[in-house]
Amino acid sequence: MNMMAKFLFPGLFILFSFGVQSAVANPPLPNDVRWVRNSKEYQYSCTYIFRKAAESVQVQTELPEVVKGKEQSKQYAVVVDLDETVLDNSTYQVERWNAGLGFTQDSWSLWVKRKEAKLVPGSKNFLESVRMNGVRVVFLSNRMHHNLNPTRENLRKLGVLNDHDLFLLRQSKLDTKEIRRAEVLNGTGRMEQAGPFTVVGYIGDQMGDFPSDLSGEIGRKYFLLPNPMYGKW
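In our numbering, the protein residues as written are 1 to 233.
Structure below.
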């Protein structure tokens, strides 16, 4: 073996080994995660849906309801989910995939505490728009209540938290979204001091983010964002 071969073959072996290790350590992402993270289609779809939602809220709040010839003063609110609606958690999905692991509540809690979620396209403009129309934002999420502070801080870091925003996170498995939506509408429970509210929009990425079947109100009062990464299918 000549001198060049002595250096060439070990070098090729090292490069080959590094390539194999890299391939093993970083398997190709599934299409659902890649679509959310990389596609223009996802970006434009979310932006369009949020834009239509903002337009709908503006129209509803500009039409006063008349009671016995007098305008009725109401408190308006939008009920907004957090994960994959305002907060983009696709980085969590990437990390779990690369590690060959699935979702666990413990790993999710650790992710929430990192406060590193990004914004879903269009969400910031939507929130700013509805607030300018005097509409309160109610974040109604199945994040656990003990994660309220890191959730608020994540939103603050992204520039989308307002001091008047309300949060209804989950206190237990029995604390369903249906229960919390009723509190918003009726001004009961956790909403006793702030409510009741007339809800002029529900925004989410899962069917469970809405009070009922979407067929009658989709695109009017209910606005459903795409989320191919997870759901009850």
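The C-beta atom is built at its ideal place from N, Cα and C for all residues, glycine as well.
Beta-carbon proximity check, Val94 vs Leu29, cutoff 9 Å: Locating residue 94 in the sequence shown gives position 94, where the first residue counts as 1. Locating residue 29 in the sequence shown gives position 29, where the first residue counts as 1. Taking 9 Å as the Cβ cut-off, Val94 and Leu29 qualify as a contacting pair.
CB contact check: Asn31 to chain C, cutoff 9 Å: Absence of chain C from the displayed structure is noted, only one protein chain being present.
Pro27 and Asn98 closer than 9 Å at C-beta: Residue numbering aside, residue 27 sits at position 27 when the sequence shown is read from its first letter. Residue numbering aside, residue 98 sits at position 98 when the sequence shown is read from its first letter. For Pro27 and Asn98, yes; Cβs fall inside 9 Å.
Spatial neighbours of Glu192 in its chain, beta-carbon cut-off 6 Å, leaving aside the 5 residues before and after: Taking the first residue of the sequence shown as 1, we reach residue 192 at position 192. So the list is empty, once near-sequence residues are dropped.
Given 8 Å, three or more beta-carbon pairs between the region 156-173 and the region 112-129: Using a C-beta cut-off of 8 Å, the region 156-173 makes contact with the region 112-129, since at least three inter-stretch Cβ pairs fall below that distance.
Assigned secondary structure, Asn125 (DSSP; H/G/I helix, E/B strand, else coil): Working through the sequence shown from its first residue, we reach residue 125 at position 125. If DSSP states are grouped into helix, strand and coil, Asn125 belongs with the helices.
Nearest candidate by alpha-carbon position, reference Leu119, set Asp83, Tyr44, Tyr230, Arg96: For the purposes of this step, residue 119 is taken as residue 119 along the sequence shown, with counting starting at 1. Nearest option by C-alpha distance: Asp83.
Thr104, buried or exposed, once every other Cβ within 10 Å from all chains shown has been counted against 16: Position 104 of the sequence shown, counted from the start, is the residue given in the question as residue 104. When all chains shown are included, Thr104 counts as exposed.
Sequence-distant residues of its chain with Cβ nearer than 6 Å to Glu217 (five each side left out): In the sequence shown, the residue the question calls residue 217 occupies position 217. So the list is empty, once near-sequence residues are dropped.
For Tyr230, the three-state DSSP class (helix, strand or coil): Along the sequence shown, read from residue 1 onward, the residue named residue 230 stands at position 230. The DSSP-derived three-state label of Tyr230 is coil.
Identity of the residue in Tyr48, Tyr42, Val135, Tyr76 nearest Leu185 by Cα: Here residue 185 refers to the residue found at position 185 of the sequence shown. The candidate whose alpha carbon is nearest that of Leu185 is Tyr76.
Touch test, the region 43-56 against the region 172-188, Cβ-Cβ under 8 Å, three pairs minimum: The answer is no - the region 172-188 does not touch the region 43-56, with fewer than three Cβ pairs under 8 Å.
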